[in-house]
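For reference, the structure discussed in these notes is given below.
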Amino acid sequence: MFIPLYDTNRLRHIRLQYVTIGLIVVNALVYLATALGGESFSNAAVLGLGFIPSVVHDTAELDPRFIVIPESLSYLTYSFLHADIFHLGGNMLFLWVFGDNVEDALGHIRYLIFYLLCAIAGAAFQGLVAWDSQVPLIGASGAIAGVVVAYLILYPRVKVWVLAFARIPLRIPAFIPLILWVLFQVVMFAAGGEDQISWACHIGGIIAGAVLVLVLRSRGVPLFAGADEDVAPAAPDQPPVATEPLIPDQPAATPRWGRGNASSSD
Numbered sequence: 000m001f002i003p004l005y006d007t008n009r010l011r012h013i014r015l016q017y018v019t020i021g022l023i024v025v026n027a028l029v030y031l032a033t034a035l036g037g038e039s040f041s042n043a044a045v046l047g048l049g050f051i052p053s054v055v056h057d058t059a060e061l062d063p064r065f066i067v068i069p070e071s072l073s074y075l076t077y078s079f080l081h082a083d084i085f086h087l088g089g090n091m092l093f094l095w096v097f098g099d100n101v102e103d104a105l106g107h108i109r110y111l112i113f114y115l116l117c118a119i120a121g122a123a124f125q126g127l128v129a130w131d132s133q134v135p136l137i138g139a140s141g142a143i144a145g146v147v148v149a150y151l152i153l154y155p156r157v158k159v160w161v162l163a164f165a166r167i168p169l170r171i172p173a174f175i176p177l178i179l180w181v182l183f184q185v186v187m188f189a190a191g192g193e194d195q196i197s198w199a200c201h202i203g204g205i206i207a208g209a210v211l212v213l214v215l216r217s218r219g220v221p222l223f224a225g226a227d228e229d230v231a232p233a234a235p236d237q238p239p240v241a242t243e244p245l246i247p248d249q250p251a252a253t254p255r256w257g258r259g260n261a262s263s264s265d
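Going by numbering that gives the first Met the number 0, the sequence shown opens with residue 0, and the numbers climb by one from there.
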C-alpha cells in the first residue's frame with residue numbers, strides 16, 4: 000500500500016544512528032553468507048537458526064544435523080535470516096527510514112534492547128498462535144513492526160515521503176501510512192491471510208513496540224511529536240532595559256523603558 004522513502008525528522012539527541020546501521024549491515028551480511036552458500040547451506044541455516052515452534056515447545060525433534068544453537072536462542076537468530084533479497088530489502092528499508100529516530104528517542108543501548116525484545120515478542124506470539132507448527136519462522140518483521148509502531152507513537156505528525164500503491168510519491172503525516180499499515184497487519188492476522196507471511200509475528204512486534212517505547216524512551220522525549228517546523232522558535236532575548244543613572248545622595252530615579260521597547264510578561 001505504502002512504501003516509505005524518507006522522513007523530515009532530524010536527530011536531536013544522538014549524532015549518528017550507528018545501532019540502526021549496524022543492524023542493517025548484520026542482516027545484509029547474514030543474507031549474503033546464506034545466499035552465497037548455496038541452497039543446501041541456506042536450508043540448513045533456516046532449520047538450524049530459524050524459529051520452529053514445535054521444536055522450541057518440544058512437540059517435535061529437529062534432525063541432529065541441523066542443531067547448531069540452543070533452541071531458546073532461535074527466538075533471536077530467526078530475525079537475522081531472510082528468504083530473498085526482496086524480503087531483506089523491504090525490512091531494511093523500513094528500518095532505515097524509521098529506526099534512526101526511534102534510536103534517537105531511546106538512546107543506543109536501550110534501542111538495541113528494544114529491537115531485540117520486539118524480535119523475541121514476534122517469535123513468542125507466533126509460537127502461541129501456532130504451537131505445533133513445524134514451519135521455520137525467519138525475517139526481521141517482528142522487530143521492524145515494533146520500530147514502526149514506536150515511530151507512530153513518538154512522531155505521528157512528522158512528514159514522510161512515501162510511494163502510494165508503489166507508484167505515486169506523496170509527502171504526508173506519518174500517522175496516515177503507519178496507522179494504515181498497523182490496521183492491515185491486524186486485519187490480515189484476524190482473517191488468517193497468506194500462509195507464507197507470519198502476521199502473528201507482526202502483531203507480537205507491534206504489541207511489544209507499543210509498550211516498550213513508553214518504558215524505554217529517554218527522559219524528556221515527548222510522545223506524539225510533530226515535525227521540526229511545527230515547533231515554535233524560542234523567543235529572542237529581551238534587550239537590556241535602559242535606566243536613568245543614579246545621582247549620589249539622591250533616591251533612585253524611576254526606570255524608563257528605552258524608545259521602541261515594551262515590557263513583556265510570561
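No residue lacks a Cβ here, since even glycine has one placed at the ideal position from N, Cα and C.
For residue i, which three-state DSSP category applies?
i: residue 10; result: coil
i: residue 222; result: coil
i: residue 51; result: coil
i: residue 216; result: coil
i: residue 136; result: strand
i: residue 197; result: coil
i: residue 38; result: helix
i: residue 63; result: helix
i: residue 99; result: helix
i: residue 58; result: coil
i: residue 192; result: coil
i: residue 18; result: helix
i: residue 68; result: coil
i: residue 203; result: helix
i: residue 91; result: helix
i: residue 44; result: helix
i: residue 106; result: coil
i: residue 81; result: coil
i: residue 0; result: coil
Spatial neighbours of residue i within its chain, please: CB distance less than 8 Å, with the 5 preceding and 5 following residues excluded, ordered by chain position.
i: residue 130; result: 52, 53, 56, 58
i: residue 60; result: 54
i: residue 46; result: 61, 62, 65, 135
i: residue 82; result: 137, 138
Going along the chain, which residues of its own chain have a beta-carbon closer than 6 Å to the beta-carbon of residue i, five neighbours each way excluded?
i: residue 107; result: 18
i: residue 144; result: 201, 204, 205
i: residue 187; result: 198
i: residue 209; result: 148
i: residue 220; result: 104
i: residue 37; result: none
i: residue 16; result: 99, 102
So, at 7 Å on beta carbons, what are the nonlocal neighbours of residue i in its own chain, with the 5 sequence-adjacent residues on each side left out?
i: residue 75; result: 115, 118, 119
i: residue 29; result: 79, 80
i: residue 165; result: 2
i: residue 11; result: 103
i: residue 207; result: 116, 117, 120, 145
i: residue 105; result: 113, 215, 216, 217
i: residue 124; result: 199, 200, 202, 203
i: residue 109; result: 215
i: residue 161; result: 1, 2, 3, 4, 169, 171, 176
i: residue 22; result: 94, 114
i: residue 133; result: 51, 53, 59
i: residue 192; result: 198
Under the DSSP definition of a beta bridge, which residues are partnered with residue i?
i: residue 5; result: 160
i: residue 167; result: 163
i: residue 172; result: 158
Our contact map puts residue i next to residue j with C-beta atoms below 8 Å; I'd like the distance itself, whole angstroms only.
i: residue 33; j: residue 158; result: Not quite, the Cβ-Cβ distance comes to about 37 Å (not below 8 Å), so this is no contact.
i: residue 180; j: residue 212; result: The Cβ separation is near 16 Å, so there is no contact.
i: residue 87; j: residue 27; result: 7 Å
i: residue 49; j: residue 5; result: Contact flag wrong, Cβ pair sits at about 32 Å.
i: residue 97; j: residue 150; result: 4 Å
Under 6 Å from any heavy atom of the ligand ZN, does the C-beta of residue i make it?
i: residue 116; result: For the ligand ZN, the structure offers nothing, since it holds no ligand at all.
Counting pairs of Cβ atoms below 8 Å between the region 154-169 and the region 209-227, do you hit three or more?
-> yes
Hey, is the region 122-140 in contact with the region 181-200, meaning 3+ C-beta pairs nearer than 8 Å?
-> yes
Check whether the region 98-112 touches the region 61-76, taking contact to mean three or more Cβ pairs, one atom from each stretch, closer than 8 Å.
-> no
Okay, do the region 115-134 and the region 162-177 touch, 3+ Cβ pairs below 8 Å being the bar?
-> no
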